[in-house]
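Residue numbers (full-length UniProt numbering): 1 to 280.
Even for Gly, the Cβ is constructed at its ideal location relative to N, Cα and C.
Quick caveat, the model's predicted, so the values are computed rather than measured.
Remarks on the structure that follows.
Structure (structure tokens):
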């Protein structure tokens with residue numbers, strides 16, 4: 001009592017609770033790997049098996065050799081889409097956030113309010129209109145139909161605006177202007193170095209969300225030769241008889257890039273969120 005949380009040592013109960021939570025969270029991924037390495041009889045065992053088999057490479061070979069799934073191409077397409085969308089989000093959202101936070105122009109508050117209000121509109125309401133627009137442009141069935149709608153989002157603009165507003169002092173911007181720095185020079189030399197934690201958070205969240213996106217890629221890329229990984233996994237699960245060892249083998253492979261990204265940038269996510277909370 002009376003001590004700060006960071007000065008209070010964790011007890012054995014805290015570690016047991018964290019370990020139990022981690023095991024429950026990691027078990028579905030582990031069981032997915034178990035089925036991906038087993039044969040068809042593994043799913044019928046009661047209780048279910050928890051020991052990996054020795055058929056992982058065999059199951060993967062079946063997944064990558066299916067002619068109507070294009071699983072290898074789907075992984076490449078997902079990398080292309082996720083990388084382009086993430087890079088675009090970091091540039092446009094940070095630039096727009098800088099403009100809303102530090103530049104003065106007529107109607108900025110009302111425009112920011114409009115951007116925030118768009119967050120209340122479900123994406124599903126615009127699917128039909130978006131499909132019609134992509135069809136008029138001739139992009140349906142191509143990766144452009146998946147990349148272009150995700151180049152910038154209202155959440156990214158709002159998040160970067162709030163972080164820049166609380167991180168970059170107005171005096172620093174005014175000092176740079178008095179020294180003759182242009183707006184883009186202020187953005188490049190002052191704003192970007194100050195918001196690296198926020199960029200890391202937004203980049204990781206965007207990459208994961210784009211990689212896992214299923215609805216819109218299924219609508220515009222389903223049945224084509226350019227699927228993303230989630231669409232390819234859906235194709236693996238289609239048909240009258242689903243071979244789950246193939247589905248889970250493909251799902252496990254498609255999960256590996258996300259695990260690598262989260263392992264590399266997980267600390268940046270925590271740091272960026274904590275810095276934003278403390279500064280707010």
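Inset, instruction - Could you check if residue 280 is buried or exposed, using at least 16 other CB atoms within 10 Å of its CB as the buried criterion? - result: Note on residue 280: pLDDT 44, under 50, position unreliable in the model; no value is reported.
Legend entry - Element boundaries [alpha helix (DSSP H), containing residue 191]: Looking at the DSSP string, residue 191 is not in any alpha helix (DSSP H), and its letter there is neither H nor E.
Legend entry - Proximity below 8 Å, CB of residue 202 to CB of residue 160: yes
Inset, instruction - Can you give me the Cβ contacts of residue 278 inside the same chain, cut-off strictly under 7 Å, excluding the 5 residues immediately before and after it? - result: Legend: pLDDT at residue 278 = 46, less than 50; position of this residue unreliable, no value from coordinates given.
Legend entry - With 16 other Cβ atoms within 10 Å as the buried cut-off, status of residue 135: exposed
Inset, instruction - Indicate whether residue 250 and residue 233 have their beta-carbon atoms separated by less than 8 Å. - result: yes
Inset, instruction - Output the distance between the C-alpha atoms of residue 27 and residue 164, rounded to the nearest integer angstrom. - result: 39 Å
Inset, instruction - Can you tell me which of the three DSSP states residue 256 falls into? - result: helix
Inset, instruction - Just tell me which of 168, 223, 200, 262 has its CA closest to the CA of residue 186. - result: 168
Inset, instruction - May I ask you to report which of helix, strand or coil DSSP gives residue 139? - result: coil
Inset, instruction - Could you pull out every residue in the same chain whose Cβ sits closer than 8 Å to the Cβ of residue 105, ignoring the five residues on either side in sequence? - result: 99
Legend entry - Chain-order list of residues whose beta-carbon lies under 6 Å from that of residue 151 (same chain, five-residue window excluded): 88
Legend entry - Distance cut-off 7 Å: residue 183 Cβ against heavy atoms of the ligand FMN: The ligand FMN is not part of this structure, which contains no ligands at all.
Legend entry - Cβ-based burial, residue 86 [other Cβ within 10 Å; buried from 16]: buried
Legend entry - Beta-carbon separation (whole angstroms), residue 37 vs residue 52, contact threshold 8 Å: 4 Å
Inset, instruction - State the DSSP-derived secondary structure class of residue 50, mapped to helix, strand or coil. - result: coil
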